[in-house]
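Enquirer:
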Amino acid sequence: MKRFPSVKKSADYQRAYQRGKSRANDCLAVYVFPNGMEGNRLGISCSKKIGNSVVRHGLARKLREIFRRNKNLKQGLDIIVVVRKASASADYRKIERAYLELCSRHHILEEEETDGAMAEF
């Protein structure tokens, strides 16, 4: 099984915080900084102010799944997500909308390739 592409080193977080671009809404703050690699990496910062361990780890799992499902991003970026208190009571869909809105405001969302025909489900 492949490892999840995550930011692990404190220096990488600091670089994104200090030199990256940031956008925020009521649920999340997202910092983006080029990492010089082929793919994207996700870093999650969730303070104890958000809630207990169960709440924080639940939010981290939701964010990793949102990152995994939404691959239509420009590549070569470190994406640091700082969880805000409003996320603790938010459901999956609200957090996903907040994440995608911030990615759109960062201009890192790539348009989906379509051949003019709508997919029918």
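For the sequence shown, numbering that gives the first Met the number 0 assigns the number 0 to the initial residue and increments by one for each residue that follows.
Beta carbons are placed, not taken as given, at the ideal position from N, Cα and C, and that holds for glycine.
Whose C-alpha, out of L41, R2, L27, is nearest the C-alpha of Y12?
Expert: The sequence position of residue 12 within the sequence shown is 13, counting from 1. Considering only alpha carbons, the answer is L41.
Enquirer: Give every residue of the same chain whose Cβ lies closer than 7 Å to the Cβ of R22, excluding the five residues on either side of it in the sequence, and list them in chain order.
Expert: On the sequence shown, position 23 is the one that residue 22 refers to. For R22, where only same-chain residues beyond five positions count, the Cβ hits under 7 Å are V29, L101, R104, H105.
Enquirer: Quick check on V82: buried or exposed, where buried means 16 or more other Cβ atoms within 10 Å of its Cβ?
Expert: Against the sequence shown, residue 82 aligns to sequence position 83. Burial call: buried.
Enquirer: Between the C-alpha atoms of N34 and R55, what's the straight-line distance to the nearest angstrom?
Expert: Along the sequence shown, one-based indexing puts residue 34 at 35. Along the sequence shown, one-based indexing puts residue 55 at 56. C-alpha separation (whole angstroms): 26 Å.
Enquirer: Could you tell me which residues DSSP pairs with G57 in its beta bridges?
Expert: For the purposes of this step, residue 57 is taken as residue 58 along the sequence shown, with counting starting at 1. According to DSSP, G57 bridges with nothing at all.
Enquirer: Are the Cβ atoms of L76 and V31 separated by less than 8 Å?
Expert: Here the question's residue 76 lines up with position 77 in the sequence shown. Here the question's residue 31 lines up with position 32 in the sequence shown. Yes, they are a contact pair.
Enquirer: Among K84, S44, A87, which residue has its Cα nearest to the Cα of K8?
Expert: Translated into positions along the sequence shown, residue 8 becomes position 9. For K8, the nearest C-alpha among the options comes from S44.
Enquirer: Can you give the Cα-Cα distance for F66 and A89, rounded to whole angstroms?
Expert: For the purposes of this step, residue 66 is taken as residue 67 along the sequence shown, with counting starting at 1. For the purposes of this step, residue 89 is taken as residue 90 along the sequence shown, with counting starting at 1. In a straight line, the C-alpha of F66 is about 17 Å away from that of A89.
Enquirer: Do you know how far the Cα of V80 is from the Cα of M117?
Expert: Within the sequence shown, the letter at position 118 stands for residue 117. Within the sequence shown, the letter at position 81 stands for residue 80. Confidence in M117 is poor, its pLDDT being 44 and thus under 50, which makes the residue's placement unreliable; the coordinate value appears in the next sentence. Each residue's Cα considered, the two are about 32 Å apart.
Enquirer: Could you check the C-alpha separation between S86 and N51 for me, to the nearest Å?
Expert: The count along the sequence shown starts at 1 and reaches residue 86 at position 87. The count along the sequence shown starts at 1 and reaches residue 51 at position 52. Looking at the two C-alpha atoms, the distance is approximately 13 Å.
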